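**Student:**
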Amino acid sequence: MMYPFMQLNDQTEIVHSEMLPGGRVRVYFERPDAKDCFHSAECYLPGYDWRNINGFSEDEIRYFQSVLESTAHLIIQFSQQGGLENASGF
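For the sequence shown, this note's numbering assigns the number 56 to the initial residue and increments by one for each residue that follows.
#1: Identify which residue in HIS94, LEU75, ARG106 and SER72 has its Cα closest to the Cα of GLN66.
#2: By the 10 Å Cβ neighbour count, where 16 or more other Cβ atoms means buried, how is LEU123 classified, buried or exposed?
#3: Please identify the residue among PHE119, PRO101 and VAL80 whose C-alpha is closest to the C-alpha of ILE108.
#4: Express the C-alpha separation of ALA89 and PRO101 in angstroms, rounding to a whole number.
#5: Just to confirm my understanding: we take ILE131, look at its own chain, exclude 5 residues before and 5 after, and list those with CB closer than 7 Å. What are they?
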């Protein structure tokens with residue numbers, strides 16, 4: 056199951072999984088692209104293990120890393136509570 060987390064100003068969507076075995080959480084980034092259809096990447100928390108980077112530049116991944124570093128504690132918490140909407144009671 057993947058849960059919505061946030062959308063950045065450049066239309067990049069960030070979603071995350073439930074807590075996986077071993078205490079890991081998969082965070083997935085996706086942005087529409089007119090030429091390539093979509094750019095995507097995934098990162099596993101808490102170790103910031105980036106995988107399957109398609110279409111994003113190194114600078115974009117560094118920016119996403121900074122976003123994750125400031126929100127990882129929330130993503131990890133929400134991954135155990137059924138996502139942001141469930142955790143917030145919406």
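We treat Cβ as the ideally placed atom computed from N, Cα and C, and that holds for glycine. Note that the structure is predicted; figures quoted are calculated from it, not measured.
**Tutor:** Let me lay it out:
#1: Within the sequence shown, residue 66 is the residue found at index 11, counting from 1. Out of HIS94, LEU75, ARG106 and SER72, HIS94 has the C-alpha closest to the C-alpha of GLN66.
#2: For the purposes of this step, residue 123 is identified with residue 68 of the sequence shown, where counting begins at 1. So LEU123 ends up on the buried side.
#3: Taking the sequence shown and counting its residues from 1, the one referred to as residue 108 is at position 53. If we check each option's Cα against that of ILE108, PHE119 comes out closest.
#4: Position 46 of the sequence shown, counted from the first residue, corresponds to residue 101. Position 34 of the sequence shown, counted from the first residue, corresponds to residue 89. Between PRO101 and ALA89, the C-alpha separation is close to 32 Å.
#5: To locate residue 131, count along the sequence shown from 1; it is residue 76. Once the five neighbours on either side are set aside, the close Cβ partners of ILE131 are VAL80, LEU100 and PRO101.
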